[in-house]
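Counting the sequence shown from 1 gives a position; our numbering is that position plus 7. Glycine included, C-beta positions come from ideal geometry on N, C-alpha and C.
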Amino acid sequence: MTSRPVIDDLSSFWMPFTANRQFKAAPRLLESAKGMYYRSTDGREVLDGCAGLWCVNAGHGRDEIVAAITQQLSTLDFAPTFQMGHPLAFEAATKVAELMPEGLDRIFFTNSGSESVDTALKIALAYHRSRGEGQRTRLIGRERGYHGVGFGGISVGGIAPNRKTFSGALLPAVDHLPHTHNLEHNAFSKGQPAWGAHLAEDLERIVTLHDASTIAAVIVEPVAGSTGVLIPPQGYLQKLREICTKHGILLIFDEVITGFGRVGKATASEYFGVTPDLITLAKAINNASIPMGAVAASRTIHDTIVNGGAPGAIELFHGYTYSAHPAAAAAAVATLDLYRREGLFERAATLAPTFEAAAHSLRSAKHVKDVRNLGMIAGVELESRDGAPGARAYEAFVKCFEAGVLVRFTGDILAFSPPLIINEEQIAHIFKTVGDVLATVQ
Ligand SMILES: Cc1ncc(COP(=O)(O)O)c(C=O)c1O
Numbered sequence: 008m009t010s011r012p013v014i015d016d017l018s019s020f021w022m023p024f025t026a027n028r029q030f031k032a033a034p035r036l037l038e039s040a041k042g043m044y045y046r047s048t049d050g051r052e053v054l055d056g057c058a059g060l061w062c063v064n065a066g067h068g069r070d071e072i073v074a075a076i077t078q079q080l081s082t083l084d085f086a087p088t089f090q091m092g093h094p095l096a097f098e099a100a101t102k103v104a105e106l107m108p109e110g111l112d113r114i115f116f117t118n119s120g121s122e123s124v125d126t127a128l129k130i131a132l133a134y135h136r137s138r139g140e141g142q143r144t145r146l147i148g149r150e151r152g153y154h155g156v157g158f159g160g161i162s163v164g165g166i167a168p169n170r171k172t173f174s175g176a177l178l179p180a181v182d183h184l185p186h187t188h189n190l191e192h193n194a195f196s197k198g199q200p201a202w203g204a205h206l207a208e209d210l211e212r213i214v215t216l217h218d219a220s221t222i223a224a225v226i227v228e229p230v231a232g233s234t235g236v237l238i239p240p241q242g243y244l245q246k247l248r249e250i251c252t253k254h255g256i257l258l259i260f261d262e263v264i265t266g267f268g269r270v271g272k273a274t275a276s277e278y279f280g281v282t283p284d285l286i287t288l289a290k291a292i293n294n295a296s297i298p299m300g301a302v303a304a305s306r307t308i309h310d311t312i313v314n315g316g317a318p319g320a321i322e323l324f325h326g327y328t329y330s331a332h333p334a335a336a337a338a339a340v341a342t343l344d345l346y347r348r349e350g351l352f353e354r355a356a357t358l359a360p361t362f363e364a365a366a367h368s369l370r371s372a373k374h375v376k377d378v379r380n381l382g383m384i385a386g387v388e389l390e391s392r393d394g395a396p397g398a399r400a401y402e403a404f405v406k407c408f409e410a411g412v413l414v415r416f417t418g419d420i421l422a423f424s425p426p427l428i429i430n431e432e433q434i435a436h437i438f439k440t441v442g443d444v445l446a447t448v449q
């Protein structure tokens, strides 16, 4: 045990989704944050172009959220939610439910997006079993989908490196839709691309192959974020909904990124006018101040499972010690109030055209082969360096950080998703910095 924080020894922390040796050879450390800015340990202000990890939608260090957490921890630090309860758990669930599409008002709390995904997949199986169709166990994901890192999530996910090492242990009954990314048809789309709705029809092929009676659910991100910002083609999600309904298959929207204002509405489901049966949430649910996630389930699903059990019996054998942790719940209540009071979802919708124009100003920047956007999400895809995929975006990311702007990168795609409190000058500054940096990138 050490007696003081030692930041010159970085060896103990095995960092997630990080090239550990590369990072530790040249670390980038953040020590505080307020509003739109991080402060690095070398004393520089860094404009947050990605809301941390797509999660700090109300900006950093919000006093109301900090106060709610502090107050809660000194009042009730922990209470079990297995066979017990505490009022804030119910209040937080009611507030989340109010923001969901009509009918999706039964909320199961988790601690992360990955847990939300695995929970939703399990609820889908439990639902079919409760209605006497327990043979519906097959799950359909999509190529390039990201659904976290649980075994369920990587099985339905479609990002090859996340699956490769674990390929022998993935869920057995899974298939994948094709992804919708095609720059031949959709390069430099603003908002939803016109081409690609027909790709949803591949679900009919999968249904024919496996038979609908074996399929429990389809899970997709309405806007795919972690794979490098893939915007759904016009009509695509509607088509998925139609096919799922026709065959009695549940539709799950993974809204871990898109939930809580990112696209200018409470959910992408609301934005696109397509209502799934289950929605997975996390990240901005409480402004990422304490780990928390949730699944919003339709009343039909909830009632089928809950009313289907014998009286006095536990209806769903699933849950986490920290489901609806008091501090996380307090943070959620404070955050959702703050979103409403400050009109942050509407602000995102109002800023979206400015954000779109600024992102597309990079169209002719060096190395850029595509720009795409929706709401307060944008992706800028770079030509890959010969024999070194990802290296160019990594160099751009590091140089942007050195120039005082935090962006995300995945493969050779830069991703942007700032806090919704951002202003027009800050939007302009992010994309101007990226353009300047790209001019210097090899
Ligand atoms: C769509 C989606 N689902 C699930 C997850 C996993 O969330 P977590 O990292 O909180 O487990 C993420 C994380 O980025 C995500 O973008």
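Taking 4 residues as the minimum length, the alpha helix (DSSP H) runs contained wholly in the region 66-105 are 70-82, in order along the chain. In this structure, ligand 1 has no non-hydrogen atom nearer than 8 Å to the beta-carbon of Trp21. Judged by DSSP in its simplified three-state form, Lys31 adopts helix.
Take the alpha-carbon of Pro425 and the one of Glu71: they are about 20 Å apart.
The set of residues whose C-beta lies within less than 6 Å of a heavy atom of ligand 1 reads, in chain order, Ser119, Gly120, Ser121, Val124, Tyr153, His154, Gly155, Glu228, Gly232, Ser233, Asp261, Val263, Ile264, Ala289.
Residue environment analysis places Ala74 among the exposed positions, since fewer than 16 neighbouring C-beta atoms fall within 10 angstroms of its C-beta.
Assignment of beta-bridge partners to Leu237 by DSSP yields Ala231. The residues Arg113, in chain order, have a CB closer than 6 Å to that of His309 in the same chain once the five nearest residues on each side in sequence are set aside.
As far as DSSP is concerned, Asn189 takes part in no beta bridge. Between Val227 and the set Ala275, Lys197, Val270, the nearest pair of CA atoms involves Ala275. Fewer than three beta-carbon pairs drawn from the region 87-94 and the region 47-65 are found closer than 8 Å, and the two stretches are therefore not classed as touching. Bounds of any beta strand (DSSP E) do not take in Glu432; it lies within the alpha helix (DSSP H) bounded by 431-447.
Closest by C-alpha distance to His186, out of Leu178, Val230, Arg347, is Val230.
DSSP places His325 outside both helix and strand once states are collapsed to three, so it counts as coil. According to the DSSP secondary-structure assignment, Ser39 is paired through a beta bridge with Arg46. A direct Cα-to-Cα measurement between Ser305 and Ala395 gives close to 45 Å.
Here Ala289 has Ser119, Gly120, Ser123, Val263, Gly300 as same chain residues with Cβ atoms under 6 Å from its own Cβ, once five neighbours each way along the sequence are excluded. Residue range 398-409 is occupied by the alpha helix (DSSP H) that includes Lys406. Taken through DSSP and simplified to helix, strand or coil, Ala289 comes out as coil. In the three-state DSSP reduction, Lys376 falls in the strand class (E or B).
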